[in-house]
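Quick note: the sequence shown uses my numbering, first residue 17, plus one each step. Working notes, structure below.
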Amino acid sequence: MTSVQIAETVEELQSYLGKARADNLTIGLVPTMGFLHEGHASLINASTQQSDLTVVSIYVNPLQFNLNEDFDVYPRDVSSDLTLCKDHGVNIVFMPSEDEMRPFLSEKPPNLGEIVEIYEGESRPTHFQGVATVVKALFEIVEGNYAFFGEKDFQQLVIVKQLVKDHSLSIKVVGCPTVRETDGLAKSSRNVYLNQNEREQSVVIYQSLMAGSEAISNGETSIQNIELLIREVIETSPLANIDYVGIVDPLTFGTPDNITNEVRLLVACNFGQTRLIDNFSAKREVVSNQ
Ligand code: AMP
17 MTSVQIAETV EELQSYLGKA RADNLTIGLV PTMGFLHEGH ASLINASTQQ SDLTVVSIYV
77 NPLQFNLNED FDVYPRDVSS DLTLCKDHGV NIVFMPSEDE MRPFLSEKPP NLGEIVEIYE
137 GESRPTHFQG VATVVKALFE IVEGNYAFFG EKDFQQLVIV KQLVKDHSLS IKVVGCPTVR
197 ETDGLAKSSR NVYLNQNERE QSVVIYQSLM AGSEAISNGE TSIQNIELLI REVIETSPLA
257 NIDYVGIVDP LTFGTPDNIT NEVRLLVACN FGQTRLIDNF SAKREVVSNQ
């Protein structure tokens, strides 16, 4: 177990990072909203493997919540977060207050085009502008070499990569695979909101994505058929309330006419008050005659 430094101000953070920079150490950043679980731990592990020094930021970003959302009740457990960070070899935990972050947030959100307005962006207006504003500030404060993001939030990952490209930031964004519960539900801080029935039925999200990707792998090329299949599997759960099902190009987020190349299957679904999202990559299996 390593000792972990806690920085609550940018000044404290810079004093720790200054020493690392002077020693030419590479810096990996893992941005989070806390209530850390094994999904976050996998990002931390990727960072400690790839970078000399790992910074985890814990900041429940008010800008990425819409007014009717769960900002006030978003789960928090700093002591367990610090234990997870220590156990996984994090060097610095950056836990700024809103007041501390405010001067670093640009007034005008980065312009990211249409991708911030579809799927998650349509259901959660201003969400991605809020994410991008804070992520850009964190990138500028930390000036790291790498930043680690989960594929769990696939649209966010694509948007952050675009942010880096559009602003010619020197950080490299690394996407990490989704970590799941044993029944397939993607780990999420929000899973604690699910009651027992909702938790049991939430597995339909994973099952629907499996069904969709298997059908594509077996040669189904129709967008409509795949969407229908995914919806049918989710609708086997009486508690599931679908927000959207998407079948998109993984780079542009446009919907192809037919499935000929790799696509991303996207699902957002409510169980009671809890909104869950998940996604899968899918492509046709190439059958070789040799
Ligand atoms: P959050 O604290 O929910 O904002 O998530 C912080 C980071 O952890 C984001 O890059 C997420 O995509 C990532 N993450 C959340 N859940 C998972 C998971 N189950 N597997 C992998 N990464 C995840």
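In this text, a Cβ means the ideal position worked out from N, Cα and C, and glycines have one as well.
For T194, the shortest separation between its Cβ and any heavy atom of ligand 1 lies below 6 Å. Within a 10 Å sphere around the beta-carbon of G129 sit fewer than 16 other beta-carbons, which makes this residue exposed. With a cut-off of 8 Å on Cβ pairs, the segment 292–302 is in contact with the segment 193–206, counting three or more such pairs. Counting along the chain, F110 sits inside the beta strand (DSSP E) bounded by residues 108–110. Within the segment 218–278, complete alpha helix (DSSP H) segments of at least 4 residues are found at 219–233, 239–250, given in chain order. For D294, the beta-bridge partners assigned by DSSP are V283. A check of alpha carbon separations from Q171 across H183, Y162, G137, A227 identifies G137 as the nearest.
Straight through space, the alpha carbons of K177 and V132 are spaced by roughly 13 Å. Cβ contact annotation for E116 (same chain, cutoff 8 Å, sequence separation greater than five): E24, T25, V26, in chain order. Contact check for G191 against E167 passes: the beta carbons are separated by less than 7 Å. Contact annotation: G44 and S73 have beta-carbon atoms that are not nearer than 7 Å.
For the options E197, E85, T198, P193, the alpha carbon positioned closest to that of H143 is the one of E85.
Proximity to I108 across I246, S218, K35 peaks at K35, based on C-alpha coordinates. Taking non-hydrogen atoms of ligand 1 into account, the C-beta of F165 is found less than 6 Å away from one of them. With 16 or more other Cβ atoms inside 10 Å of its own Cβ, H104 counts as buried. About 6 Å separates the beta carbon of I250 from that of C285, a gap short enough to meet the 8 Å contact definition.
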